[in-house]
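Please read the structure below before turning to the comments.
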Amino acid sequence: SDHMENICGYLMKYTNLVTGWQYRYFVLNNDAGLLEYFVNEQSRHLKPRGTLQLAGAVISPSDEDSHTFTVNAASGEQYKLRATDAKERQHWVSRLQICTQHHTEAIGKNNPPLKSRSFSLASQGSANSPGVQRRPSQNAVSFFNVGHHRLPTGKRVPIMQPDHLVDVREMMSQAEGQQRDLIRSIECLPASGHLTSLDQDLLMLKATSMATMNCLNDCFHILQLQHASQQKGSLPAGTTISWLEPKISLANHFKNGAAQNFPAEINKAASVREEQSIAEPCQLTREPEEINPDEELEDICDDKEDDLGAVEEQRSVILHLLSQLKLGMDLTRVVLPTFILEKRSLLEMYADFMSHPDLFVAITNGGGPEERMIRFVEYYLTSFHEGRKGAIAKKPYNPIIGETFHCSWRLPKSSVATEAGTNCSAHSASEQLAPPKDAEGQAEPDCYTVKFVAEQVSHHPPVSGFYAECVERSMCVNAHVWTKSKFLGMSIGVTMVGEGVLHLLEHGEEYTFSLPCAYARSILTVPWVELGGKVNINCAKTGYSASINFHTKPFYGGKLHRVTGEVKQNMTNTVVCRVQGEWNSVLEFTYSNGETKYVDLTKLSVTRKRVRPLEKQGPFESRRLWQHVTESLRDGDIDKATEHKRALEERQRNEERLRAETETPWCTKYFLKDGDGWVYHKPLWKTVSAAQTQQTDSN
Numbered sequence: 005s006d007h008m009e010n011i012c013g014y015l016m017k018y019t020n021l022v023t024g025w026q027y028r029y030f031v032l033n034n035d036a037g038l039l040e041y042f043v044n045e046q047s048r049h050l051k052p053r054g055t056l057q058l059a060g061a062v063i064s065p066s067d068e069d070s071h072t073f074t075v076n077a078a079s080g081e082q083y084k085l086r087a088t089d090a091k092e093r094q095h096w097v098s099r100l101q102i103c104t105q106h107h108t109e110a111i112g113k114n115n116p117p118l119k120s121r122s123f124s125l126a127s128q129g130s131a132n133s134p135g136v137q138r139r140p141s142q143n144a145v146s147f148f149n150v151g152h153h154r155l156p157t158g159k160r161v162p163i164m165q166p167d168h169l170v171d172v173r174e175m176m177s178q179a180e181g182q183q184r185d186l187i188r189s190i191e192c193l194p195a196s197g198h199l200t201s202l203d204q205d206l207l208m209l210k211a212t213s214m215a216t217m218n219c220l221n222d223c224f225h226i227l228q229l230q231h232a233s234q235q236k237g238s239l240p241a242g243t244t245i246s247w248l249e250p251k252i253s254l255a256n257h258f259k260n261g262a263a264q265n266f267p268a269e270i271n272k273a274a275s276v277r278e279e280q281s282i283a284e285p286c287q288l289t290r291e292p293e294e295i296n297p298d299e300e301l302e303d304i305c306d307d308k309e310d311d312l313g314a315v316e317e318q319r320s321v322i323l324h325l326l327s328q329l330k331l332g333m334d335l336t337r338v339v340l341p342t343f344i345l346e347k348r349s350l351l352e353m354y355a356d357f358m359s360h361p362d363l364f365v366a367i368t369n370g371g372g373p374e375e376r377m378i379r380f381v382e383y384y385l386t387s388f389h390e391g392r393k394g395a396i397a398k399k400p401y402n403p404i405i406g407e408t409f410h411c412s413w414r415l416p417k418s419s420v421a422t423e424a425g426t427n428c429s430a431h432s433a434s435e436q437l438a439p440p441k442d443a444e445g446q447a448e449p450d451c452y453t454v455k456f457v458a459e460q461v462s463h464h465p466p467v468s469g470f471y472a473e474c475v476e477r478s479m480c481v482n483a484h485v486w487t488k489s490k491f492l493g494m495s496i497g498v499t500m501v502g503e504g505v506l507h508l509l510e511h512g513e514e515y516t517f518s519l520p521c522a523y524a525r526s527i528l529t530v531p532w533v534e535l536g537g538k539v540n541i542n543c544a545k546t547g548y549s550a551s552i553n554f555h556t557k558p559f560y561g562g563k564l565h566r567v568t569g570e571v572k573q574n575m576t577n578t579v580v581c582r583v584q585g586e587w588n589s590v591l592e593f594t595y596s597n598g599e600t601k602y603v604d605l606t607k608l609s610v611t612r613k614r615v616r617p618l619e620k621q622g623p624f625e626s627r628r629l630w631q632h633v634t635e636s637l638r639d640g641d642i643d644k645a646t647e648h649k650r651a652l653e654e655r656q657r658n659e660e661r662l663r664a665e666t667e668t669p670w671c672t673k674y675f676l677k678d679g680d681g682w683v684y685h686k687p688l689w690k691t692v693s694a695a696q697t698q699q700t701d702s703n
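Numbering (the working numbering), first residue to last: 5 to 703.
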């Protein structure tokens, strides 16, 4: 072919977390079907530093940016490369794909498919164990000899008609059975010897075969949707249905999506877990601890999280984990490897969403309901950058039941935005509503204090409750979140089920809101995190609402971490503000009067939280509870961190087992069950209401 040309040039290659990206000179050898690289052009006459067989390889443009792409060889090796621009990337990708297709087809002609799917893994053993040393002769041919089917030459693939879906389902059921046989054959291999069940190539085969079946089931589900829509007449014939994620909410996707196409026995356990209900907690049997803000000190802990980078060193761990997972599987009970952990608990992560307390307190200072809704949207969108530590692909510790976290923030009153043309003296009316404080808990007169408490109220399902209040401004927020983690093939999705309510007692307003979903992408290469989904903010009293979309990046093109939204008056359906940008970079607010405001989150000041020293914390407070895990992670001792983490989890399981045997329900400390949600035991709206009633009686 005219397009089968040998090309060469410099590309950046990702080496490892320490070395990072390095320029290397690459040569595409079409005749041999090889991609080779050298330190530089001058060393081209020497032996290549690395070589990839392109037969059976997958060339994938990255969804991180327009310059990066990956070459995944059939042997399991991977090159992560970066061109100087999108045009150069497209040039390399297209030439590599043409070469790959040519040599893959050549293998298919020289190696006819087997008539049956049966095969012998033991016959692949040799004196050179693949778990210790990769065999030079082990190229793409050996991987393609596991049975596959090809259409006779010259025959066109018939167009799939809706009534053929039954046949497709039957064929896929057979493929699923054969894939299970493959997994069973690999897992039956001995733990030691020439060929073991933990061989890296076999782990890759298990993971990729599972991912392939997952994708096929996704596609089959799309065909089912299209068929159903055409039968109802809601879509004209030939209408294309886009990928599932942008069209169907994540929660519905988990319930009704591709997971239902797996055999019933696989989904049964997951569905039982999801439908598990926890016993009604008894009333609080011990007095909740009142935290004295004067005991809290400004947090000096500065645990900067490094991104995971390439996970080459941990690849076998991840592959072994992936090979045991099923699409749609609930990950609540799955123990994830320690090296992906952040050095903080999930409860502290919720506290870090409040790292801009000045914006939080400023909400109630808005001059009218429209301005207050816009201010809440601004605070809401700026909270994720610090709460999620940017897009770091690590997860916080899973809180154990009964775990709590306390902190507070103090901020000068002068730092809080007030209504245009007013000053802080205008707040006196609301401050009169606040209940009297103890002398020892008195904050500085020129400062506002925002208090925060969180508690893990349930283990299965994992539910956290958190509450924050600013007594001086008569405002508080109460929320409960159930984190549902699902395996989605080569990514992990986390749905934040629950609701939060912001109470502005000075205005008698309540703002209900939810949280977006989170996705861990590229878990086999360089993991990264993005937010996705639509969230709504509503205030029933004022009739204002906000709709916010966190956009996941499409397969081709588009930007990362994009968010759009609008604030409208429901009665008139008038949009009063629009917002767009990136939730971890710059946000642009455009108002109905034509004014525009930019918020650069990377330059936004962060108020350090105040936390009690470890020696003054209770045994179930997050930092004291996880201190040994955190210290081990700081020291880079993953084995020791895993040991401490396992001890905590085992203690939790033993206590849970004991409660089940004695039929003793769990008693929460700070939060009480209220319908489907959880409410702080002494919320500000009750305290203020009692103070107002007492003041009325005295008059």
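Beta carbons are placed, not taken as given, at the ideal position from N, Cα and C, and that holds for glycine.
Hey, could you find the ends of the beta strand (DSSP E) residue i is sitting in?
i	result
Glu407	Counting along the chain, Glu407 falls outside any beta strand (DSSP E), and DSSP gives it neither H nor E.
Ala645	Ala645 -> not in any beta strand (DSSP E); alpha helix (DSSP H) instead, spanning Ile642 to Thr666.
Glu586	Thr578 to Glu586
Asn482	Met479 to Phe491
Pro400	Lys399 to Tyr401
Asp604	Thr600 to Asp604
Gly54	Gly54 to Gln57
Can you name, in chain order, every residue of its own chain whose Cβ lies under 6 Å from the Cβ of residue i, other than the five neighbours on each side?
i	result
Gly469	Glu459, Val461, His484, Phe675 and Trp682
Asp362	Leu415, Ser419 and Val420
Val633	Ala645, His648 and Lys649
Glu592	Gln584, Gly585 and Tyr602
Are residue i and residue j touching if we call contact CB-CB under 9 Å?
i	j	result
Ala524	Ile496	yes
Gly80	Gln204	yes
His107	Ile11	no
Tyr83	Gly54	yes
Leu385	Ile552	yes
Leu56	Val31	no
Leu58	Leu100	yes
Val381	Gly504	no
Val454	Ser412	yes
Leu193	Lys210	no
Val43	Thr104	no
Starting from the Cα of residue i, find the closest Cα among the options and give me that residue.
i	options	result
Ser636	Arg348, Asn540, Lys563 and Trp486	Arg348
Thr691	Cys305, Cys480 and Gly371	Cys480
Val579	Leu591, His565, Thr568 and Ser596	Ser596
Glu191	Gly197, Gly181, Leu206 and His198	Leu206
Pro400	Leu50, Tyr548, Met353 and Phe224	Met353
Val567	Arg614, Ile404, Gly537 and Met575	Gly537
Leu605	Tyr383, Met377 and Ala78	Tyr383
Glu374	Asn33, Lys572, Arg614 and Thr666	Lys572
What separation, rounded to the nearest whole angstrom, lies between the Cα atoms of residue i and residue j?
i	j	result
Arg86	Tyr41	14 Å
Cys581	Ala366	18 Å
Cys671	Arg663	11 Å
Phe554	Ile541	14 Å
Phe624	Tyr684	18 Å
Asp171	Ser177	10 Å
Gln287	Gly585	Because the pLDDT at Gln287 is just 40, under 50, the model does not fix this residue reliably, and the value given afterwards should be weighed accordingly. Cα to Cα, the separation comes out at about 45 Å.
Trp689	Leu509	7 Å
Phe364	Leu350	21 Å
Leu227	Ser98	29 Å
Phe409	Ala195	44 Å
Ser201	Asn402	30 Å
Ala550	Glu514	14 Å
Glu109	Gly37	12 Å
Val631	Asn577	First, the residue type needs correcting, since residue 631 is Gln and not Val in the sequence shown. Rounded to the nearest angstrom, the two C-alpha atoms are 51 Å apart.
Phe491	Gln656	24 Å
Glu456	Gly370	Residue 456 is actually Phe in this sequence, not Glu. If you take the alpha carbons of Phe456 and Gly370, they lie about 23 Å apart.
Glu68	Trp587	16 Å
What residues in its chain sit with their C-beta under 8 Å from that of residue i, if we drop five residues either side in the sequence?
i	result
Gly502	Val467, Ala483, His484, Val485, Trp486, Ser518, Leu519 and Gly681
Arg628	Leu618, Gln621 and Gly622
Leu179	Checking the sequence, you will find Ala at residue 179 rather than Leu. Once the five neighbours on either side are set aside, the close Cβ partners of Ala179 are Met217 and Leu220.
Check for me: the alpha helix (DSSP H) holding residue i runs from which residue to which?
i	result
Pro361	Pro361 to Ala366
Leu629	Ser626 to Leu629
Ala355	Leu350 to Asp356
Going by beta carbon distance, what residues of the same chain come within less than 7 Å of residue i, once the five residues before and after it are set aside?
i	result
Glu45	Tyr29
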